[in-house]
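Converting from the sequence shown to the numbering used here requires adding 26 to each position, the first position being numbered 1. Just so you know, even glycine gets a beta-carbon here, dropped at the ideal spot from N, CA and C. Only a predicted model underlies this, so the values are computations on that prediction, with no experimental measurement involved. Notes for the one structure printed next.
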Amino acid sequence: MHLSDHPARRRLSAALDNLSVTFHGMTAHPDESNCDCHWGSAEELSLLKTPDVELEPDLLSQTWQAIDWMDHAAVLRRILPQFATALVAGHVEPLFGLEEAGYSFARGRWQQWPDEHGEPVREFLHAWWAQSLTDPNAAVPSHQVFAVCAEASGTLGPWLADWEKQTGYLSDRRLAEAVAEWECELLGDSLPWSVDWYEHDEEEMRAELVAWLLGQAAVRLRESGASADLQHRIRLLGLTGKDRWTDPHWPGHRY
Numbered sequence: 027m028h029l030s031d032h033p034a035r036r037r038l039s040a041a042l043d044n045l046s047v048t049f050h051g052m053t054a055h056p057d058e059s060n061c062d063c064h065w066g067s068a069e070e071l072s073l074l075k076t077p078d079v080e081l082e083p084d085l086l087s088q089t090w091q092a093i094d095w096m097d098h099a100a101v102l103r104r105i106l107p108q109f110a111t112a113l114v115a116g117h118v119e120p121l122f123g124l125e126e127a128g129y130s131f132a133r134g135r136w137q138q139w140p141d142e143h144g145e146p147v148r149e150f151l152h153a154w155w156a157q158s159l160t161d162p163n164a165a166v167p168s169h170q171v172f173a174v175c176a177e178a179s180g181t182l183g184p185w186l187a188d189w190e191k192q193t194g195y196l197s198d199r200r201l202a203e204a205v206a207e208w209e210c211e212l213l214g215d216s217l218p219w220s221v222d223w224y225e226h227d228e229e230e231m232r233a234e235l236v237a238w239l240l241g242q243a244a245v246r247l248r249e250s251g252a253s254a255d256l257q258h259r260i261r262l263l264g265l266t267g268k269d270r271w272t273d274p275h276w277p278g279h280r281y
């Protein structure tokens, strides 16, 4: 199969095109403002009130990261086509973790938008997540995309359900890579990304992820021939306290 014919890539391309069509002509609120010294100049602010003008990468970054917009939803709709394209290409470089991009979606409360606006966002996130699991040339590691989607939506359920449907070799490899990235924090009873949006329940997310890893993931990794060490990392998540850190397969992490 030629890479351009990859089904997940076609789906993602269509989702990006749909964002461009849906949010064509959008602008920030006419009365929107921000601090000159912390965000940008009046001239730069005027760009957000002008439809369909590309922002310089630094200004795009400042815009989606800002937490003090009067109408964050309007700002998000204004930048979404360019923001989503940058995310997919791996050109978004947050200060701490890519989950910060998810906070921007959450602050915009996109799930409360009318269907004609909310559904294209939902499809984009699902399409990007599927592409990260199945496209060998995906620009962003799947565990980072997962964190963005989780923080954008405030839930793990839809993304874990998608993962269950993707059962090929590459998706299983992505699962092994994710577990390798996450196991240290999870064995310390922490979620392996930060949760900053006040409406999201970090402990509930962690518990749901651990339960899925102990069930679906453990079976898949065993059947796909994952290393014994990796399988033990998951098994240890089912133990608590002394039982966990005195197990002969405890990796020796210190917290």
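Collapsing the DSSP output to three states places Pro33 in a helix. Bounds of the alpha helix (DSSP H) holding Cys175 are Ser168 to Ser179.
Under the DSSP assignment, Gln157 falls in the alpha helix (DSSP H) whose first and last residues are Asp141 to Thr160.
With fewer than 16 neighbouring CB atoms inside 10 Å of its own CB, Thr272 falls in the exposed class. A contact is defined here as three or more CB-CB pairs under 8 Å, and the stretch 36-47 meets this definition with respect to the stretch 151-159. Counting of Cβ neighbours within 10 angstroms places Ala187 among the exposed residues, the total staying below 16. Taking the C-beta atoms as reference points, Ser220 is found nearer than 8 Å to Phe122. Contact between the stretch 98-110 and the stretch 49-58 is present: 3 or more CB-CB pairs across the two stretches fall below 8 Å. Sorting Trp223, Leu213 and Pro218 by C-alpha distance to the C-alpha of Thr266 places Leu213 at the top. The three-state secondary structure of Glu58, taken from DSSP, is coil.
A distance below 8 Å separates the beta carbons of Val205 and Arg259.
A contact is defined here as three or more CB-CB pairs under 8 Å, and the stretch 185-203 fails this definition with respect to the stretch 64-76. When secondary structure is reduced to three states using DSSP, Glu209 falls in the helix class.
Glu211 and Arg232 have their C-alpha atoms roughly 10 Å apart.
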